[in-house]
Each structure stands twice: as C-alpha cells, then as structure tokens.
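In short: position in the sequence shown from 1, add 5, done, that's this note's numbering.
C-beta: ideal position from N, C-alpha, C; glycine also.
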Amino acid sequence: MTFYDSKEGVKQYINMAKDYDGRELINNFIPYLDKDSTVLEIGIGPGKELDILAESFKVTGSDKSKLFLDLYIEKNSDADLLELDAVTLDTNRVFDSIYSNKVLHHIKKREMVESIYNQARILTDGGIIFIRFGPVRVAKSMKV
C-alpha cells in the first residue's frame, strides 16, 4: 500500500495541493495541439489539471490510485478515466498527446525509461509527450 492508496494519504495530498492548479504549465502545452486532440493525463490526483485540459481537448484521466479516480468520478460522472500504472500503461487505447506533471519523479530510473517507452507506444504518429518532473536530486553517477 502506498500513501495514495489510503483515504488519509489522499486527503493530505489534496490539502497540500489545494492552491496549485497547473494552469500556467498547461498554457505552455496548449499551442502544440489541435483543439480536437486526445490527451491522456498520467496521474490526475484531485483532477484540477484534468479539468483545465478538458477546456481545450478530449481528455482521459488516469491514476494508479483508485481513490483519486473514485473522488473525481463523484464530481464528474461522465469523465473518461482509466486505472493505470504510470510505468506499464496497460491500455490498448492511443492518444495524440500524453501529459504528466510531477508524477514520474516518484518512480525509479529504470521504471522511468519503461514508462517513456510505453508512453510512446500509446501515442498516435507524431504525438507529443509533455512531462514535467517535480524536484529531483540526481547523482552525477546516474546513467540510463
């Protein structure tokens, strides 16, 4: 069980992230896609960024935490959501773009490489991957 699989952990995260909505980052992302583009968000958390992305694109939200998905679907019953691991991305669907903000820094280096490979696998030809990492300390000896 992880922090995001307990109700208390999810509540703590939502409280911690309450003043952040990602709009500034998303505004940098919007010009790269057509209005009818399909976007998969990896790691929706409370769903603030998914809501913003939905203003411009056809969105699918994903998270490994069923609790986050359940909370989001309570407020947005018609939402397109997938319970996905950020590494394996086990889906047959394809998307024009993948958006991920401060999710992949939670996984190991080897898993990150696998995740990016799998993101490319579920993109349409010419698709765009937009990843922002959170604060990460990288050792000089780290090699992929």
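Worksheet item: When the distance is taken between beta carbons, is isoleucine 57 closer than 8 angstroms to isoleucine 103?
Response: Here residue 103 corresponds to residue number 98 of the sequence shown, with the count starting at 1. Here residue 57 corresponds to residue number 52 of the sequence shown, with the count starting at 1. Result no, Cβ atoms of isoleucine 103 and isoleucine 57 do not sit closer than 8 angstroms.
Discussion item. Check for me: the alpha helix (DSSP H) holding serine 120 runs from which residue to which?
Written reply: The residue you call residue 120 lines up with position 115 of the sequence shown. Where serine 120 is concerned, the enclosing alpha helix (DSSP H) stretches over 114 to 126.
Worksheet entry | Within 8 angstroms, strictly: CB atoms of arginine 101 and leucine 38 | As a working mapping, residue 101 is identified with position 96 in the sequence shown. As a working mapping, residue 38 is identified with position 33 in the sequence shown. Inspection of the sequence shows that residue 101 is occupied by aspartate rather than by arginine. Yes, Cβ-Cβ distance for aspartate 101 and leucine 38 is below 8 angstroms.
Worksheet item: For arginine 98, does the three-state DSSP call read helix, strand or coil?
Response: The residue given as residue 98 occupies position 93 in the sequence shown. The answer is coil: DSSP assigns arginine 98 none of H, G, I, E or B.
Worksheet item: Can you tell which of Glu13, Leu30 and Leu74 has its C-alpha closest to the C-alpha of isoleucine 136?
Response: Your numbering for residue 136 matches position 131 in the sequence shown. For isoleucine 136, the nearest C-alpha among the options comes from Leu30.
Worksheet item: According to the Cβ coordinates, are glycine 48 and alanine 91 closer than 8 angstroms?
Response: As a position in the sequence shown, residue 48 is number 43, starting the count at 1. As a position in the sequence shown, residue 91 is number 86, starting the count at 1. Yes, they are a contact pair.
Practice prompt. Tell me whether the beta-carbon of leucine 87 lies closer than 8 angstroms to the beta-carbon of serine 70.
Written response: Counting from 1 along the sequence shown, the entry for residue 87 is found at position 82. Counting from 1 along the sequence shown, the entry for residue 70 is found at position 65. No, the pair does not count as a contact, with Cβ atoms beyond the cut-off.
Worksheet item: What number of angstroms, rounded off, separates the C-alpha of asparagine 32 from the C-alpha of aspartate 41?
Response: On the sequence shown, position 27 is the one that residue 32 refers to. On the sequence shown, position 36 is the one that residue 41 refers to. Straight-line Cα distance between these residues: approximately 16 angstroms.
Fill in: glutamate 79: first and last residue of the uninterrupted alpha helix (DSSP H) it sits in
By 1-based counting over the sequence shown, the position of residue 79 is 74. Start and end: 71 to 80.
Practice prompt. Spatial neighbours of threonine 93 within its chain, please: CB distance less than 6 angstroms, with the 5 preceding and 5 following residues excluded, ordered by chain position.
Written response: The residue labelled residue 93 in the question sits at position 88 within the sequence shown. Closer than 6 angstroms at Cβ, skipping near neighbours: no residue.
Worksheet item: Buried or exposed: where does asparagine 20 fall if 16 or more other Cβ atoms within 10 Å of its Cβ makes it buried?
Response: By one-based count along the sequence shown, residue 20 stands at place 15. Flag for asparagine 20 reads exposed.
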